[in-house]
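**Student:**
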Amino acid sequence: MPLKAAAHVEAMSAFALANLGGHDRPTLAQNESAFPPSPRAIAAGQDAIAHSHLYPDPDWTELREAIAQAYGVEPDLILCGAGSMDLISCTIAAFAGPGEEVLGTSYAYNFVASATARTGAVYVKAEEQDFAVSVDSILAAVTPATRIVFVCNPGNPTGTVIRNAELLRLRAALRGDVLLVIDQAYGEFDDQDPRPVFALVARSDTVVLRTLSKAYGLAGARVGWGLFAPSIAAEVRKIQNSNQVTTASLAMAVAAVQDQDYMRETVARTAQIRDRFAQDLRSAGYHVPQSRTNFVLIGFSSAEAAQTAGRTLREADIIVRGLGGYGLTDCLRATVGPQEIMDRALRILIDMRSA
Ligand SMILES: Cc1ncc(COP(=O)(O)O)c(C=O)c1O
26 MPLKAAAHVE AMSAFALANL GGHDRPTLAQ NESAFPPSPR AIAAGQDAIA HSHLYPDPDW
86 TELREAIAQA YGVEPDLILC GAGSMDLISC TIAAFAGPGE EVLGTSYAYN FVASATARTG
146 AVYVKAEEQD FAVSVDSILA AVTPATRIVF VCNPGNPTGT VIRNAELLRL RAALRGDVLL
206 VIDQAYGEFD DQDPRPVFAL VARSDTVVLR TLSKAYGLAG ARVGWGLFAP SIAAEVRKIQ
266 NSNQVTTASL AMAVAAVQDQ DYMRETVART AQIRDRFAQD LRSAGYHVPQ SRTNFVLIGF
326 SSAEAAQTAG RTLREADIIV RGLGGYGLTD CLRATVGPQE IMDRALRILI DMRSA
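For the sequence shown, the residue numbers in our numbering are 26 to 380.
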């Protein structure tokens, strides 16, 4: 008999990362920060490397304190992970099992589908309206088998936001035995007050996730965090590998979170490049929804036009993300990168439009 993986693993596909064609060139395909991390984070990481013979703090104590201070939340509610992907997959594995349903939205971050498939649960999508999450369509898609509702706000790959009041309405209308996960990986780019959403965590049926990969420019360090009520955290910690955030990453994360001015500056500079790029694309006739993230969704007149643009940009060494995996074949997603690359990308896209 040939050796076989578990049936639900054999049936699933591997999570598709962007096709970068190598790892040595700048890319606009992975929603990485256009700017490096705070110099204070780099220095702290360099110092911490010398202590790498010791396991890292398994309870992320210093980082939880720094986050609590910066975000006005209780340190006891915080769990950290090796990127928020770690927290996404552990939360789903803890709360959904074979045959149960995880409900996301049409364009919710694709990794959620992958994390669901690993558990043997079924991933279901509620339709978005005009590239934005629709609370009404989520509520209409809830079934007795729904265990988790997963909402990205701001969304990826759309970049759009819904108002916090809508998230509160969603929570109020969901059954108490449905866990609501609100993924705010791009939360620092959204100017809404995060406190009403953070406050939902006290109900013990809602989790809020954040990451240092975007606004803090620490994608390579792999640090995410989230707010979890104690009853939920206890289950998620059973699934998490211990010591998963390295000593150097923890030190970088603490210093980065303590440098809020640098983070805000990064967000402001990114938003400035993004909004100018988006506006110039709209003037050239592209459909570009207002983004509250570090990327933009670009809508083309057809799937062929999107494909041709992706190819032409790639020939110019600019890699953007195709969105066939989301069913958005007539769109591309471009991360906000350094101004010079955005200017080159813009020129190519405008020329294509006028050709
Ligand atoms: C919506 C969303 N959530 C979570 C993540 C995962 O980020 P990380 O694991 O780097 O924290 C991403 C990464 O692109 C994302 O777009």
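Quick reminder that beta carbons are idealized off the backbone N, C-alpha and C, glycines included.
(1) What's the gap between the Cα of S256 and the Cα of A328?
(2) Can you tell me where the alpha helix (DSSP H) with D286 in it begins and where it stops?
(3) Counting only C-beta atoms, is V34 closer than 7 Å to chain B at any point?
(4) Using only CA atoms, which one of A157, L104, G108 lies nearest to Q315?
(5) Which of helix, strand or coil does DSSP assign to E126?
(6) Can you grab the Cα-Cα spacing for the pair S267 / D355, in whole Å?
(7) In angstroms, rounded to a whole number, what distance separates the CA positions of A66 and M110?
(8) Could you pull the DSSP bridge partners for D24 from this structure?
(9) Identify, in the order they occur along the chain, each residue of the same chain with its Cβ nearer than 8 Å to the Cβ of I163, setting aside the five sequence neighbours on each side.
(10) Along the chain, where does the alpha helix (DSSP H) that runs through F325 open and close?
(11) How far does the beta strand (DSSP E) with G106 in it reach, from first residue to last?
(12) Could you name the residues whose beta carbon sits closer than 5 Å to any heavy atom belonging to ligand 1, keeping them in chain order?
(13) Using CA coordinates, which residue listed in I74, D202, V321, V160 is at the minimum distance from A121?
(14) For D208, which of helix, strand or coil comes out of DSSP?
(15) Mind listing, in chain order, the continuous alpha helix (DSSP H) runs of no fewer than 4 residues lying wholly within the stretch 183 to 257?
(16) My assumption, with CB atoms under 8 Å, is that P179 sits in contact with D215. Please give the rounded CB distance.
(17) Indicate whether the contact test is met: 3 or more Cβ pairs, each with one atom in the stretch 266 to 280 and one in the stretch 67 to 74, closer than 8 Å.
(18) Under 7 Å between the Cβ atoms of N135 and G335?
(19) Note the first and the last residue of the continuous beta strand (DSSP E) segment covering F136.
**Tutor:** Quick look at the numbers:
(1) 46 Å
(2) 285 to 308
(3) Here chain B cannot be found, since the structure has a single protein chain.
(4) A157
(5) strand
(6) 42 Å
(7) 21 Å
(8) No information on residue 24 is available, as it lies outside the stretch 26 to 380 that the chain covers here.
(9) L128, T130, A151, V174, V176, L195
(10) Taken as a continuous stretch (DSSP letters only), F325 belongs to no alpha helix (DSSP H), as it is neither H nor E.
(11) 103 to 106
(12) N56, G108, S109, M110, Y134, C177, N181, D208, A210, T236, S238, G249
(13) D202
(14) strand
(15) 189 to 198, 220 to 224
(16) 5 Å
(17) yes
(18) no
(19) Per DSSP, F136 belongs to no beta strand (DSSP E); it is in the alpha helix (DSSP H), 136 to 144.
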